[in-house]
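Chemist: Numbering (the numbering used here), first residue to last: 725 to 1054.
In this text, a Cβ means the ideal position worked out from N, Cα and C, and glycines have one as well.
The structure presented is a predicted model; accordingly, all values stated were derived computationally and were not measured.
(1) Could you give the C-beta distance for residue 727 and residue 1052, rounded to a whole number, given that I count them as a contact under 8 Å?
(2) Decide if residue 1002 is buried, meaning its Cβ has at least 16 other Cβ atoms within 10 Å, or exposed.
(3) Within a Cβ cutoff of 6 Å, which residues of the same chain sit near residue 1000, ignoring the five residues on either side of it in sequence?
(4) When you compare only the Cα positions, how much space is there between residue 1048 and residue 816?
(5) Is DSSP giving residue 852 helix, strand or coil here?
(6) In whole angstroms, what separates the C-alpha of residue 877 from that of residue 1038?
(7) Leaving out the 5 sequence neighbours to the left and right, which residues in its chain are closer than 6 Å to residue 823 when beta-carbon positions are compared?
(8) If you compare alpha carbons, which of 842, 993, 847 is closest to residue 803?
(9) For residue 737, which of 764, 752, 750, 754 has the nearest alpha-carbon?
(10) Given a threshold of 16 other Cβ atoms within 10 Å of its Cβ, counted over all protein chains shown, does residue 929 qualify as buried or as exposed?
(11) Can you tell me whether residue 967 is helix, strand or coil according to DSSP?
(12) Give the DSSP-derived three-state secondary structure of residue 868 in the structure shown.
(13) Per the DSSP calculation, residue 758 is bridged to which residue(s)?
(14) Whole-angstrom Cβ separation of residue 819 and residue 992, contact assumed at under 8 Å?
(15) Between which two residues does the beta strand (DSSP E) holding residue 817 run?
(16) Tell whether a beta-carbon distance below 8 Å holds between residue 1044 and residue 785.
(17) Which partner residues does residue 985 have in the DSSP bridge list?
(18) Hey, would you say residue 731 sits closer than 8 Å to residue 759, going by beta carbons?
(19) Closer than 7 Å: is that where the CB of residue 729 sits relative to any heavy atom of the ligand NAP?
(20) Evaluate residue 976 with the Cβ neighbour count: other Cβ atoms within 10 Å of its Cβ, from every protein chain shown; 16 or more gives buried, anything less gives exposed.
(21) Going straight from the alpha carbon of residue 829 to that of residue 897, what length do you get?
(22) Taking the continuous alpha helix (DSSP H) assigned at residue 1014, which residues delimit it?
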């Protein structure tokens, strides 16, 4: 009989939803997945969003209490689980960032309670070593790292494209250094990069995503194939977030596609920077650093690719299949 695993719905564009969706995809042949809705992003108003989400989700959790199977969870609603349910749960901990709290004054208490109950789970998975260390400092010992993974066939197809051709198709100037600053959303540091390149001859700011901050540069919200072509077209990536990220799929994909980067070594993004030996941005000389990185040797890009290529879908599928087999087995 195929094991049953319950999870939140993997629909969405955030790094966490992509990670969950990849787990579903690589284990589809061995797991029967059953999902409950994720309400967090259906509200136009951010304030109180998580509390409203939890209130709508509570009846779904109650219905699961007597259901057979294991759980793969990555949401504060695990606080509604009974201890017996948590003993059947693999919890995915993406990151922790008070800047993103939308439900004060209750949300800090919910996170504190989450840290207290995670040790009741069968296993806890983080996407970067710094977050595993973060949890161990809070008494969660049953934690392991399964990195973000990448479809290398998809990546290699785009790596084979000529960056100049990609620039032409996207309408980007050939005679300028195209500076990719990541997603134009709050706390990602786009403003820092925009201030540095403003008025600088030969530098062009590019951002992607939903653009909740009104990016002053060229902004693109593209389907995935075109988004990867945009990354191939850009000359330098600069990632200077204020928030503590999980591992930053944006930055990792930029590196895989040959883009030399400047990366703020904070939380999981710091793990990525150290692994790929990317320098830290210096606000006092950022434009000079950008020009220097644009001249990076091609051999450096090849070494970075080989480092990250270890985290392909085969690695991801093996790691998650082994873990879920342990949780769902006799």
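Modeler: The structure says:
(1) Position 3 of the chain shown, counted from the start, is the residue given in the question as residue 727. Position 328 of the chain shown, counted from the start, is the residue given in the question as residue 1052. Distance from residue 727 to residue 1052 at the Cβ level is roughly 4 Å; contact confirmed, criterion being Cβ atoms closer than 8 Å.
(2) Taking the first residue of the chain shown as 1, we reach residue 1002 at position 278. Under this definition residue 1002 is a buried residue.
(3) Stepping through the chain shown from its first residue, residue 1000 is reached at position 276. Excluding its 5 nearest sequence neighbours in each direction, residue 1000 has C-beta neighbours in its own chain below 6 Å: 979, 1028, 1031, listed in chain order.
(4) The residue labelled residue 1048 in the question sits at position 324 within the chain shown. The residue labelled residue 816 in the question sits at position 92 within the chain shown. If you take the alpha carbons of residue 1048 and residue 816, they lie about 12 Å apart.
(5) By 1-based counting over the chain shown, the position of residue 852 is 128. DSSP places residue 852 in coil when its eight states are reduced to three.
(6) As a first step, residue 877 must be located in the chain shown, where it is residue number 153. As a first step, residue 1038 must be located in the chain shown, where it is residue number 314. Computed Cα separation, rounded: 12 Å.
(7) Here residue 823 corresponds to residue number 99 of the chain shown, with the count starting at 1. So the list reads 911, 967, once near-sequence residues are dropped.
(8) For the purposes of this step, residue 803 is identified with residue 79 of the chain shown, where counting begins at 1. Among 842, 993, 847, the Cα nearest to that of residue 803 belongs to 842.
(9) Taking the chain shown and counting its residues from 1, one reaches residue 737 at position 13. Residue 764 is the option with its Cα nearest to residue 737.
(10) Here residue 929 is taken as the residue at index 205 of the chain shown, counted from 1. Under the 10 Å beta carbon count, residue 929 is surrounded by 16 or more other beta carbons and is classified as buried.
(11) The residue labelled residue 967 in the question sits at position 243 within the chain shown. Coil.
(12) As a position in the chain shown, residue 868 is number 144, starting the count at 1. Judged by DSSP in its simplified three-state form, residue 868 adopts strand.
(13) Along the chain shown, read from residue 1 onward, the residue named residue 758 stands at position 34. Assignment of beta-bridge partners to residue 758 by DSSP yields 730.
(14) In the chain shown, counting from the first residue as 1, residue 819 sits at position 95. In the chain shown, counting from the first residue as 1, residue 992 sits at position 268. Yes, they are in contact, since the Cβ atoms of residue 819 and residue 992 sit about 6 Å apart, within 8 Å.
(15) Taking the first residue of the chain shown as position 1, residue 817 is located at position 93. Where residue 817 is concerned, the enclosing beta strand (DSSP E) stretches over 813-817.
(16) Here residue 1044 corresponds to residue number 320 of the chain shown, with the count starting at 1. Here residue 785 corresponds to residue number 61 of the chain shown, with the count starting at 1. Here residue 1044 is not near residue 785, since their CB atoms are 8 Å or more apart.
(17) Position 261 of the chain shown, counting from 1, holds the residue named residue 985. Residue 985 is bridged to 961.
(18) If you number the chain shown from 1, residue 731 lands on position 7. If you number the chain shown from 1, residue 759 lands on position 35. Taking 8 Å as the Cβ cut-off, residue 731 and residue 759 qualify as a contacting pair.
(19) Judged by which ligands are present, the structure shown has none, so any question about the ligand NAP falls away.
(20) The residue labelled residue 976 in the question sits at position 252 within the chain shown. Under this definition residue 976 is a buried residue.
(21) Here residue 829 refers to the residue found at position 105 when the chain shown is read from its first residue. Here residue 897 refers to the residue found at position 173 when the chain shown is read from its first residue. Rounded to the nearest angstrom, the two C-alpha atoms are 48 Å apart.
(22) Your numbering for residue 1014 matches position 290 in the chain shown. 1010-1018 is the span of the alpha helix (DSSP H), which, as asked, contains residue 1014.
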